[in-house]
Amino acid sequence: MFFEGSEGKVRASTREAYETAQRIGRVEAVGLYVLKRTKFGTYLSVEGSQLLGERLKKNVVELTAEQLERWASGEPLDLSELGFKPDGNFVVVRYGPVFAGSGKVSRDGKVHPQIPKERRVPVE
Amino acid sequence: MSRPPLSEDLLRLLRELPDMDEELYIESMTRPLPETFRVNTLKLPEETIIGFLEERGWKVEKLPWARHGYRALRCEREDPGATLPHLLGLIYIQGPMSMVPVEALDPRPGEKVLDLCAAPGSKSTQIAQLMENKGVLVANDASSERIKPLISNLQRWGAMNCVVTLKDGRYFGKRMRETFDRVLCDVPCSSLGIVMKDWAAARNYSSGITERVRALQLSLLLSAYDASVPGGTIVYSTCTIHPLENEWVVTELLRRRDDARVLRFEPEGVRTRRPLEEWKGMRFDPEVTKCFKCYPYDNAAEGFFVALIRKGDGS
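Chains A and B, in that order, are what the protein sequence lines are. Using numbering that gives the first Met the number 0, the letters of the first sequence map in sequence onto residues 0 to 123. Using numbering that gives the first Met the number 0, the letters of the second sequence map in sequence onto residues 0 to 314.
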């Protein structure tokens with residue numbers, strides 16, 4: 000099941016987990032953060048892309064191995080380099096079966112990875 | 000490498016343990032742990048992830064005692080925790096013996112499971128994986144500082160069936176009695192089985208630490224036991240070598256809960272040793288000899304103690 004928490008964040012949970020949280024009352028977190036709705040659009044978390052990516056019909060970009068490395072380090076990628084024209088201002092990226100989160104498309108034609116800093120691969 | 004520093008109390012303890020080889024223990028402190036990890040089958044099939052790792056230059060070997068557990072013989076970077084597979088949540092870096100308690104717990108999809116002292120979350124993610132994200136896992140910790148890494152590790156792992164709570168572990172035995180099918184009670188301890196990760200544990204150890212912590216360990220185990228349904232499974236585990244935090248705690252549980260039974264648990268491919276029946280004039284319950292115990296030098300890994308306990312079903 001999906002439910003909306005604070006700050007427009009949508010989480011996925013099992014019914015048993017949700018009901019147990021209700022019973023306990025004060026809890027720190029329930030289920031998995033999947034996506035966030037903002038006034039600019041909807042962004043999938045890394046886990047949201049992995050959970051829902053195969054069901055998306057559009058705005059999914061296939062990266063090369065080299066592009067995936069740059070993406071995972073937090074580097075914006077050029078749409079022209081990707082050869083991709085998105086419908087809207089967000090895309091989800093994948094490398095074969097591995098989904099790696101979503102990105103925000105800026106006016107200058109770049110896709111900015113929405114990956115938390117602590118989950119970016121440090122540049123060697 | 001220089002000889003690691005050991006406190007006087009630790010040296011005394013090593014000499015008082017009848018089955019301890021002091022030199023081998025000290026030598027084990029200077030050896031880094033093997034790089035081991037679990038593959039996340041909540042996200043992709045195991046063979047797909049292994050293929051992804053091999054494409055990136057990893058060479059891996061299966062661990063016989065842990066489902067989805069591997070040893071990295073070669074890794075793309077010196078620090079596996081800074082690699083893309085780790086940061087995407089496709090693998091979880093975890094010590095080899097640290098995987099044993101959840102294998103003993105053997106959680107199943109659809110059950111209600113409690114991890115009483117869950118932070119930073121390596122065992123909780125392992126539980127969620129074996130539950131196939133079905134049912135409910137309550138991952139609790141008493142430390143507000145440690146809750147944040149617990150939540151982010153569960154998120155990275157893609158654990159959907161989790162409720163994270165910040166409570167004194169003794170809450171569950173009082174307020175959620177007979178609720179959980181399985182309870183993991185991996186308690187705070189003197190950490191004398193993982194001194195290769197942190198020499199400070201050996202340098203700063205005093206017998207006062209064990210005296211303080213064993214009362215807490217017992218109260219947490221009693222809480223875990225009371226939170227379990229009749230016929231439920233409880234696993235008590237520590238990463239220490241001290242009999243007062245291991246054999247004594249389990250003996251006290253058996254004395255205070257007369258329907259508790261210890262089950263034998265022998266993980267495949269791991270060298271184990273027989274727990275003590277007596278120590279310094281204390282006699283432990285003979286049932287404790289069924290527990291799993293190993294010292295750091297037994298498997299060139301962490302030292303661990305694991306008790307698999309079944310609660311009576313009232314029949």
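In this text, a Cβ means the ideal position worked out from N, Cα and C, and glycines have one as well.
Can you say whether residue i is buried or exposed, counting buried as having 16 or more other CB atoms within 10 angstroms of its CB?
i	result
residue 281 of chain B	exposed
residue 158 of chain B	buried
residue 336 of chain B	Outside the displayed span of chain B (0 to 314) sits residue 336 of chain B, for which this structure offers no information.
residue 185 of chain B	buried
residue 86 of chain A	exposed
residue 72 of chain B	exposed
residue 64 of chain A	exposed
residue 122 of chain A	exposed
residue 214 of chain B	exposed
residue 179 of chain B	buried
residue 79 of chain A	exposed
residue 301 of chain B	buried
residue 82 of chain A	exposed
residue 123 of chain B	buried
residue 1 of chain A	exposed
residue 21 of chain A	exposed
residue 239 of chain B	buried
residue 7 of chain A	exposed
residue 310 of chain B	buried
residue 274 of chain B	buried
residue 43 of chain B	buried
Can you tell me whether DSSP reads residue i as helix, strand or coil?
i	result
residue 140 of chain B	strand
residue 225 of chain B	helix
residue 112 of chain A	strand
residue 236 of chain B	strand
residue 61 of chain B	strand
residue 269 of chain B	coil
residue 17 of chain A	helix
residue 179 of chain B	strand
residue 217 of chain B	helix
residue 117 of chain B	coil
residue 74 of chain A	coil
residue 54 of chain A	helix
residue 201 of chain B	helix
residue 64 of chain A	helix
residue 99 of chain A	strand
residue 309 of chain B	strand
residue 82 of chain B	coil
residue 89 of chain A	strand
residue 24 of chain B	helix
residue 92 of chain B	strand
residue 81 of chain A	helix
residue 118 of chain A	helix
residue 28 of chain A	strand
residue 51 of chain B	helix
residue 212 of chain B	helix
Using a cut-off of 8 Å between C-beta atoms, extract the partners of residue i located in chain B.
i	result
residue 138 of chain A	The question about residue 138 of chain A has no answer here: the residues shown for chain A are numbered 0 through 123.
residue 80 of chain A	Result: empty, since nearest Cβ-Cβ is about 20 Å, beyond 8 Å.
Can you list the residues of chain A that residue i reaches, using a CB-CB cut of under 7 Å?
i	result
residue 51 of chain B	97
residue 146 of chain B	27
residue 193 of chain B	By Cβ distance, chain A contributes nothing, its closest Cβ being about 24 Å from residue 193 of chain B, past 7 Å.
residue 154 of chain B	31, 32, 46
residue 150 of chain B	27, 28
Can you pull the chain B neighbours of residue i, defined as C-beta to C-beta under 7 Å?
i	result
residue 19 of chain A	135, 137, 162
residue 49 of chain A	42, 157
Could you tell me which chain B residues have their CB closer than 9 Å to the CB of residue i, listed as they occur along the chain?
i	result
residue 62 of chain A	None at all; the shortest Cβ gap to chain B is about 12 Å.
residue 30 of chain A	158, 159, 160, 161, 162
Determine the chain A residues that contact residue i at a beta-carbon separation under 9 Å, and present them in chain order.
i	result
residue 47 of chain B	95, 96, 97
Are any of the Cβ atoms in chain E nearer than 8 Å to that of residue i?
i	result
residue 15 of chain A	Absence of chain E from the displayed structure is noted, the protein chains being A and B.
Does the ligand ADP have a heavy atom nearer than 7 Å to the CB of residue i?
i	result
residue 14 of chain B	With respect to small molecules bound, the structure shown includes none, and the ligand ADP cannot be examined in it.
Worksheet item: Of all the residues that make up the region 0-13 of chain A, which are near chain B by a beta-carbon distance shorter than 8 Å?
Response: 11, 12, 13
Worksheet entry | Members of the region 160-191 of chain B that neighbour chain A once the beta carbon cut-off is set at 7 Å | 160, 161, 162, 163, 164, 165
Worksheet item: Are the region 40-56 of chain A and the region 60-70 of chain B touching by the rule of at least three beta carbon pairs closer than 8 Å?
Response: no
Worksheet entry | Residues of the region 58-91 of chain B whose Cβ lies closer than 8 Å to any Cβ of chain A, in chain order | 76, 81, 82, 83, 86, 87, 88, 89
Discussion item. Closer than 8 Å is the cut-off here; do at least three beta carbon pairs connect the region 235-248 of chain B with the region 283-290 of chain B?
Written reply: yes
Worksheet item: Okay, do the region 10-18 of chain A and the region 157-173 of chain B touch, 3+ Cβ pairs below 8 Å being the bar?
Response: yes
Practice prompt. Report yes or no: do the region 191-209 of chain B and the region 164-171 of chain B share at least 3 C-beta pairs separated by less than 8 Å?
Written response: no
Discussion item. With three or more C-beta pairs closer than 8 Å as the rule, is the region 258-270 of chain B touching the region 293-307 of chain B?
Written reply: yes
Discussion item. Quick check: the region 103-113 of chain B against the region 74-87 of chain B, are at least 3 beta-carbon pairs closer than 8 Å?
Written reply: no
Discussion item. Counting beta carbon pairs with one atom in the region 94-101 of chain B and one in the region 42-56 of chain B, are three or more of them shorter than 8 Å?
Written reply: no
Fill in: Contact the region 122-137 of chain B vs the region 32-42 of chain B: 3+ CB pairs below 8 Å
yes
Discussion item. For the structure I just gave you, are there three or more beta carbon pairs, one from the region 110-121 of chain A and one from the region 58-77 of chain A, closer than 8 Å?
Written reply: yes
Item to complete: Kindly confirm or deny that the region 24-39 of chain A and the region 138-156 of chain B touch, where touching means at least three C-beta pairs closer than 8 Å.
Response: yes
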